[in-house]
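2 protein chains.
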Amino acid sequence: MARQPTRTSVSRSPRKRKGQGGERREEILGAALRLIGERGVHGVSTRQIAEAVGISQPSLYAYFPSRDAIVEELHDRAFVLLVQALDRFVPTPGTPLEQAVEYLRVYVDFGLNNPDAYRVAFMIEGAGKPKPPTDESPPKPALQAFNSLRAAIWALHESGRVRDQDPEVISQSLWAGVHGLVSLLIARPQFPWAEREALIRTHLTMLAHGVLKDA
Amino acid sequence: MARQPTRTSVSRSPRKRKGQGGERREEILGAALRLIGERGVHGVSTRQIAEAVGISQPSLYAYFPSRDAIVEELHDRAFVLLVQALDRFVPTPGTPLEQAVEYLRVYVDFGLNNPDAYRVAFMIEGAGKPKPPTDESPPKPALQAFNSLRAAIWALHESGRVRDQDPEVISQSLWAGVHGLVSLLIARPQFPWAEREALIRTHLTMLAHGVLKDA
DNA sequence: AAAGCATCTTGACAGTGTTAGGTTGGATCG
DNA sequence: CGATCCAACCTAACACTGTCAAGATGCTTT
């Protein structure tokens with residue numbers, strides 16, 4: 063009697079072959095990042111992700127232990143992308159101020175060009191909290207990203223152009239400075255912002271002026 | 063037959079008298095703010111709020127149309143508090159740089175002393191999105207807060223001490239500068255921050271140096 | 001052809017925000 | 001005083017969420 067199930071609707075993706083489970087994993091991460099970019103981190107459910115991929119929703123748990131684990135993986139990957147972008151930077155000839163602005167600009171552009179990644183990386187509440195036990199061993203991508211920035215500041219500092227302040231403090235301060243602009247531009251698109259290019263340039267110039275000696 | 067209900071557990075708060083529904087409203091907001099401060103915006107359910115207040119959970123909907131409305135009310139109130147703090151500022155005698163640092167310090171201190179409020183006000187994803195129709199009429203507390211800051215910058219600007227830049231751009235840039243520090247300090251308490259006082263002072267001095275002429 | 005196991009499924013659970021409808025009891029009025 | 005009214009509040013139920021348990025499927029290797 064069991065009537066033929068009407069099926070339809072949820073077009074399933076064909077089952078992956080034996081070794082290719084990793085492909086599914088990537089598909090899941092891709093769909094999750096896209097949906098999160100559209101609807102926000104908390105506006106996406108596991109069922110929506112699963113449907114976008116074309117699998118049943120509990121199948122996600124074959125690849126990730128929890129929903130949060132998906133977000134966390136995106137989080138880490140976003141940091142890796144940021145580090146790559148920062149480390150790719152090579153200064154063009156110019157004054158230290160111009161070079162500093164250029165470098166900070168890489169950070170800003172990364173954030174604005176990858177708002178989904180930046181959101182996931184920096185703008186998720188309590189994303190860095192619940193892990194006091196498993197520290198130390200792996201250099202978390204988050205810290206690694208800051209290390210890139212810090213290294214650049216130290217280099218600048220050793221050129222003697224920086225105001226006499228602890229370089230560590232200056233690094234953190236500059237980070238806060240660029241993060242503030244990026245996060246606000248991303249999070250508050252409705253705010254009556256000034257012309258974006260002028261705002262960015264002014265902001266970075268201000269930060270650089272604040273740090274460098276020859277103002 | 064109907065056995066005495068075992069009751070227990072959820073100690074209910076006594077019913078409010080006829081006109082005192084507003085009290086309940088305040089109790090709900092207070093409990094919500096406290097719980098959100100402890101567990102984060104998304105870590106608190108309406109049932110938890112209701113239990114903390116001592117009423118049934120659907121009763122919340124007699125006072126607020128939705129869960130988001132509770133958060134939004136807290137959001138607006140946080141802005142009002144911030145505006146009050148900013149407007150209370152009266153500069154002590156000193157150089158323009160010292161005064162600028164002092165003023166920005168009010169913003170930073172407000173954020174760090176009221177992290178719950180600041181979180182709710184500035185660090186909630188998409189809190190300023192879904193309202194293109196009902197604009198214009200009421201001066202939203204959010205914009206009002208920025209107006210306070212802008213007014214202060216304009217005053218500074220007219221004293222002739224500011225680098226030749228559009229004051230509007232400078233206001234937004236300074237806002238981004240302080241917001242970056244406050245939001246990171248609040249959101250990432252685990253990060254190996256430098257000594258907080260030194261960090262704040264350096265950051266604000268940097269921002270002020272970046273904006274003022276006599277560096 | 002058989003075995004093994006990665007892949008994926010259905011079914012169920014407690015928890016969530018929200019709505020519908022009914023009860024209670026203090027304030028008000030005749 | 002007693003009747004009425006309605007603000008304040010409740011229970012029951014809905015569709016949705018993340019997660020777990022248990023089993024089916026079918027490619028790959030022996």
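Chains C and S are the protein sequences, given in the same order. Residue numbering for the first sequence follows the working numbering, starting at 63 and increasing by one per position. Residue numbering for the second sequence follows the working numbering, starting at 63 and increasing by one per position. Just so you know, even glycine gets a beta-carbon here, dropped at the ideal spot from N, CA and C. Owing to the predicted nature of the structure, the values given are computational and were not obtained by experimental measurement.
Cβ contact check for the region 238–249 of chain C and the region 125–140 of chain C: 3 or more pairs under 8 Å: Between the region 238–249 of chain C and the region 125–140 of chain C, the count of C-beta pairs closer than 8 Å stays below three; the two stretches do not touch.
Rounded to whole angstroms, what's the CA-CA distance from C/A179 to C/R96? Just pull it up for me. In the first sequence, the residue the question calls residue 179 of chain C occupies position 117. In the first sequence, the residue the question calls residue 96 of chain C occupies position 34. Each residue's alpha carbon lies about 10 Å from the other.
Proximal residues to C/L122 (C-beta, below 7 Å), its chain only, five neighbours per side dropped: Here residue 122 of chain C refers to the residue found at position 60 when the first sequence is read from its first residue. Answer for C/L122: I90, T108, I111, A112, listed in chain order.
Between S/F208 and the rest of its own chain, which residues show a CB-CB distance below 7 Å, the 5 nearest in sequence each way excluded? Here residue 208 of chain S refers to the residue found at position 146 when the second sequence is read from its first residue. Counting only Cβ-Cβ distances below 7 Å, and skipping sequence neighbours, we find W237.
Under 8 Å Cβ to Cβ from C/A260, same chain only, skipping five residues before and after it: list those, please. Counting from one through the first sequence, the residue named residue 260 of chain C turns up at place 198. No residues qualify anywhere along the chain.
Compute the Euclidean distance between the alpha carbons of S/H104 and S/P155, then round it to the nearest angstrom. What you label residue 104 of chain S is simply residue 42 of the second sequence in a count that begins at 1. What you label residue 155 of chain S is simply residue 93 of the second sequence in a count that begins at 1. C-alpha separation (whole angstroms): 44 Å.
So is C/F141 in contact with chain S if we call contact Cβ pairs under 9 Å? Your numbering for residue 141 of chain C matches position 79 in the first sequence. By this cut-off, C/F141 is not an interface position.
Taking just the CA atoms, how far does C/L143 sit from S/Y169? Residue numbering aside, residue 169 of chain S sits at position 107 when the second sequence is read from its first letter. Residue numbering aside, residue 143 of chain C sits at position 81 when the first sequence is read from its first letter. The alpha-carbon atoms of S/Y169 and C/L143 are separated by roughly 32 Å.
Does chain S have any CB closer than 9 Å to the CB of C/E100? As a first step, residue 100 of chain C must be located in the first sequence, where it is residue number 38. No, no contact with chain S.
Determine the direct distance from the alpha carbon of C/H241 to that of S/V163, and round the result to whole angstroms. The sequence position of residue 163 of chain S within the second sequence is 101, counting from 1. The sequence position of residue 241 of chain C within the first sequence is 179, counting from 1. Cα to Cα, the separation comes out at about 20 Å.
Kindly indicate which three-state DSSP category S/V224 falls into: helix, strand or coil? In the second sequence, the residue the question calls residue 224 of chain S occupies position 162. Correct three-state label for S/V224: strand.
Endpoints, alpha helix (DSSP H) assigned at C/V152: Taking the first sequence and counting its residues from 1, the one referred to as residue 152 of chain C is at position 90. Where C/V152 is concerned, there is no enclosing alpha helix (DSSP H), given that its DSSP letter is neither H nor E.
Could you list which residues in chain S have their beta carbon closer than 7 Å to that of C/L261, in chain order? As a first step, residue 261 of chain C must be located in the first sequence, where it is residue number 199. Under the 7 Å cutoff, chain S gives V231, Q234, S235.
Name the one or two DSSP bridge partners that C/L274 has. On the first sequence, position 212 is the one that residue 274 of chain C refers to. According to DSSP, C/L274 bridges with C/V224.
How far does the alpha helix (DSSP H) with S/W237 in it extend, from its first residue to its last? Your numbering for residue 237 of chain S matches position 175 in the second sequence. Where S/W237 is concerned, the enclosing alpha helix (DSSP H) stretches over 229–249.
For a contact meaning CB atoms closer than 7 Å, what does S/V170 contact in chain C? Locating residue 170 of chain S in the second sequence gives position 108, where the first residue counts as 1. Per Cβ cutoff of 7 Å: no residues; S/V170 is ~10 Å from chain C at best.
Contact under 9 Å by Cβ, S/S210 with S/L269: Within the second sequence, numbered from 1, the residue matching residue 210 of chain S stands at position 148. Within the second sequence, numbered from 1, the residue matching residue 269 of chain S stands at position 207. No, the pair does not count as a contact, with Cβ atoms beyond the cut-off.
Could you give the residue range of the alpha helix (DSSP H) that holds S/P158? Residue numbering aside, residue 158 of chain S sits at position 96 when the second sequence is read from its first letter. Taken as a continuous stretch (DSSP letters only), the alpha helix (DSSP H) holding S/P158 covers 158–175.
Euclidean distance between Cα positions of C/R223 and S/P203: Here the question's residue 223 of chain C lines up with position 161 in the first sequence. Here the question's residue 203 of chain S lines up with position 141 in the second sequence. In a straight line, the C-alpha of C/R223 is about 42 Å away from that of S/P203.
Candidates C/R86, C/V106, C/Y125, C/Q206: which alpha carbon is nearest C/R139's? Translated into positions along the first sequence, residue 139 of chain C becomes position 77. Checking every option, the nearest Cα to that of C/R139 belongs to C/Q206.
Between S/D34 and chain C, is there a C-beta pair that is closer than 9 Å? Lying outside 63 to 277, the shown extent of chain S, residue 34 of chain S is not represented and no answer is given.
So with CB distances below 7 Å, who are the chain C contacts of S/G272? Within the second sequence, the letter at position 210 stands for residue 272 of chain S. Simply M268, L269, H271, G272.
Applying a beta-carbon distance threshold of less than 8 Å, which residues of chain S neighbour C/S245? In the first sequence, residue 245 of chain C corresponds to position 183, counting from 1. By Cβ distance, chain S contributes H241, G242, S245.
Run down chain S in chain order and give the residues with a C-beta less than 7 Å from the C-beta of C/Q227. Residue 227 of chain C sits at position 165 when you count from the first residue of the first sequence. What C/Q227 touches in chain S: T264.
Do you know whose CA, among S/L166, S/Q119, S/P229, S/D226, lies nearest S/S75's CA? Within the second sequence, numbered from 1, the residue matching residue 75 of chain S stands at position 13. Among S/L166, S/Q119, S/P229, S/D226, the Cα nearest to that of S/S75 belongs to S/Q119.
In whole angstroms, what is the alpha-carbon distance linking S/E85 and S/K78? Position 23 of the second sequence, counted from the first residue, corresponds to residue 85 of chain S. Position 16 of the second sequence, counted from the first residue, corresponds to residue 78 of chain S. C-alpha separation (whole angstroms): 8 Å.
Classify S/I186 as helix, strand or coil using the three-state DSSP reduction. Indexing the second sequence from 1 puts residue 186 of chain S at position 124. S/I186: coil per DSSP, three-state reduction.
With a threshold of 6 Å on Cβ separation, who are the neighbours of S/R101 within its own chain once the five nearest residues in sequence on each side are excluded? In the second sequence, residue 101 of chain S corresponds to position 39, counting from 1. No residues qualify anywhere along the chain.
Compute the Euclidean distance between the alpha carbons of C/F172 and C/R212, then round it to the nearest angstrom. Taking the first sequence and counting its residues from 1, one reaches residue 172 of chain C at position 110. Taking the first sequence and counting its residues from 1, one reaches residue 212 of chain C at position 150. Each residue's alpha carbon lies about 17 Å from the other.
Compare the C-beta of S/A256 against all C-beta atoms of chain C and say whether one is closer than 9 Å. Here residue 256 of chain S is taken as the residue at index 194 of the second sequence, counted from 1. Answer yes: the Cβ-Cβ gap between S/A256 and chain C drops below 9 Å somewhere.
Tell me which same chain residues have a C-beta within less than 7 Å of the C-beta of S/P158, skipping the five on either side of it? Residue numbering aside, residue 158 of chain S sits at position 96 when the second sequence is read from its first letter. Cβ within range, chain order: L218, S221, R223, L274.
Cβ of C/A179 within 9 Å of any chain S Cβ: Position 117 of the first sequence, counting from 1, holds the residue named residue 179 of chain C. So no, C/A179 is outside the interface.
List in chain order: all unbroken alpha helix (DSSP H) runs of 4+ residues lying wholly within the region 92–132 of chain S. 108–115
What did DSSP end up calling S/A260 once you bin it into helix, strand or coil? Looking up residue 260 of chain S in the second sequence gives position 198. In this structure, S/A260 counts as helix in the three-state DSSP scheme.
Three-state secondary structure (DSSP) of C/R139: Locating residue 139 of chain C in the first sequence gives position 77, where the first residue counts as 1. Of the three classes helix, strand and coil, the one that applies to C/R139 here is helix, per DSSP.
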